[in-house]
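Colleague: Can you read through this structure? Questions will come right after.
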Amino acid sequence: MPKSELMPMKVVVMGLCLSLSSWMAPQALAFDPQSGVSKESGPFDLFKFGFFSYKEGRKGDAVEAYRYAAEKGHTGSRWALANMYADGDGVPENDLEAFKIYSEIAQAGVEPGSEDTGYFANALIALASYYRRGIPDSPVKIDLTQARQLYFQAASAFGIPEAQFQLGRMMLTGEGGSVSVHQAKKWLNRARSKGHAGAMGLFGNIIFQEGDAARGLAFMTAALDHCPPKDCGWLQANQEEAFSVASEADRRKGVALAQNIRANPDE
């Protein structure tokens, strides 16, 4: 799976993982009887052991622990294992296996307020990405309609900026459904108000093309301050092209407005 879309969604549940490391005491450095954890241990103990092993660089132990916990229905372990297959991290890269595990998480659903909500929402985004591109030499074919529906679910029910950004892009180009610039702007605006650089730049480009040149330039300029490497290239190209055709007055106003956006991105 393209790592460019996996990274943002992992942030949603990273807080839970980091909280584990603050109180986990180091035990034995192998998944064996001396570690205090075995395949018969409870799913959360296995998950903790897997997370600690991963942080220590013992990815083989992490995979083993996550697998045992996943077999016992632990959603966080399923999610972690799927990410490892998607990234080829500690195991051979296998998008189809990752897709299957993400699908299990999505099909299981989640109760309102559940601690598994982040894993469920991130699984939806991962599946949407796979349906958007397909998996070569597998039964998973490109299905833009399904991808758009999954992004919509993650964007609307969970408010995840990356899902809102990807949904906005699909609506803007008509991927998986009709073109709707109005709806695209709505979702991009929501994502950019939460600091999503790609959404901020794309939203700025749209309103620039619509005639709001100074404000559009401001959003495109501010987006360059914190864009991830995967987005900086096209964001900079859009900003430079707009800057080259804008009037001097709009350029100056745009630069000034960008300072305000940097200080108050949610406005």
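Numbering-wise, the sequence shown is residues -30 to -1, 1 to 237 according to mature numbering (1 follows the signal peptide of the UniProt record, and there is no 0).
All C-beta atoms in this analysis are idealised placements derived from N, C-alpha and C, irrespective of residue type, glycine included.
Remember, it's a predicted structure, so these values are computed and weren't measured experimentally.
For Val7, count neighbouring C-beta atoms within 10 Å of its own C-beta (all shown protein chains included) and say buried if the count is 16 or more, exposed if not.
Modeller: Position 37 of the sequence shown, counted from the first residue, corresponds to residue 7. By the neighbour-count rule (16 or more Cβ atoms within 10 Å), Val7 is buried.
Colleague: Return helix, strand or coil for Ser73, following the three-state DSSP convention.
Modeller: Position 103 of the sequence shown, counted from the first residue, corresponds to residue 73. In the structure shown, Ser73 sits in a helix (DSSP, three-state: H, G or I).
Colleague: Do you know offhand how far Met170's Cα is from Trp204's?
Modeller: Walking along the sequence shown from the start, residue 170 turns up at place 200. Walking along the sequence shown from the start, residue 204 turns up at place 234. Taking the straight line from one Cα to the other gives about 13 Å.
Colleague: For the candidate residues Tyr100, Asp59, Leu51, Asn159, whose alpha-carbon lies nearest to that of Lys111?
Modeller: Indexing the sequence shown from 1 puts residue 111 at position 141. Comparing Cα positions, the closest option is Tyr100.
Colleague: Could you name the residues of the same chain whose beta carbon sits closer than 6 Å to that of Tyr121, not counting the 5 residues immediately before and after it, in chain order?
Modeller: Within the sequence shown, the letter at position 151 stands for residue 121. Excluding residues within five positions, the ones whose Cβ falls inside 6 Å are Ala98, Ala133, Gln136, Leu137.
Colleague: Can you round the beta-carbon distance between Ala68 and Ala52 to whole angstroms, since I take them to be within the 8 Å contact cut?
Modeller: One-based indexing of the sequence shown puts residue 68 at position 98. One-based indexing of the sequence shown puts residue 52 at position 82. So it is a contact: roughly 5 Å between Cβ atoms.
Colleague: Thinking C-alpha only, which one of Val149, Ser84, Pro109 is nearest Leu66?
Modeller: For the purposes of this step, residue 66 is identified with residue 96 of the sequence shown, where counting begins at 1. Closest by alpha carbon: Pro109.
Colleague: Which residue spans inside the segment 67 to 147 form an unbroken beta strand (DSSP E) run of at least 3?
Modeller: Counting only runs of 3 or more, we get nothing.
Colleague: For Lys164, collect the residues of the same chain with a Cβ closer than 6 Å to its Cβ; drop the 5 residues on either side in sequence, then sort them by chain order.
Modeller: Counted from its first residue, the sequence shown places residue 164 at position 194. Excluding positions up to five away in sequence, the list reads Pro131.
Colleague: Could you tell me the alpha carbon to alpha carbon distance between Ala154 and Ala184, rounded to whole angstroms?
Modeller: For the purposes of this step, residue 154 is taken as the residue at position 184 of the sequence shown. For the purposes of this step, residue 184 is taken as the residue at position 214 of the sequence shown. So the two alpha carbons sit approximately 20 Å from each other.
Colleague: Helix, strand or coil: how does DSSP classify residue 238 here?
Modeller: Residue 238 is absent from the model: the chain starts at -30 and stops at 237.
Colleague: How would you label Thr45, buried or exposed, when you count the other beta carbons within 10 angstroms and need 16 or more for buried?
Modeller: Locating residue 45 in the sequence shown gives position 75, counting from the first residue. Classification of Thr45: buried, given that the 10 Å Cβ count is 16 or more.
Colleague: Can you check which of these residues, Leu194, Tyr24, Lys42, Gly129, is closest to Pro13 by C-alpha distance?
Modeller: Taking the sequence shown and counting its residues from 1, the one referred to as residue 13 is at position 43. It is Lys42.
Colleague: Would the beta-carbon of Asn64 fall within 8 Å of that of Tyr55?
Modeller: Here residue 64 is taken as the residue at index 94 of the sequence shown, counted from 1. Here residue 55 is taken as the residue at index 85 of the sequence shown, counted from 1. Cβ atoms of Asn64 and Tyr55: closer than 8 Å.
Colleague: Assign Asp201 to one of two classes, buried (16 or more other C-beta atoms within 10 Å of its C-beta) or exposed (fewer than that).
Modeller: Sequence index remark: in the sequence shown, residue 201 carries index 231 (1-based). Asp201 comes out buried.
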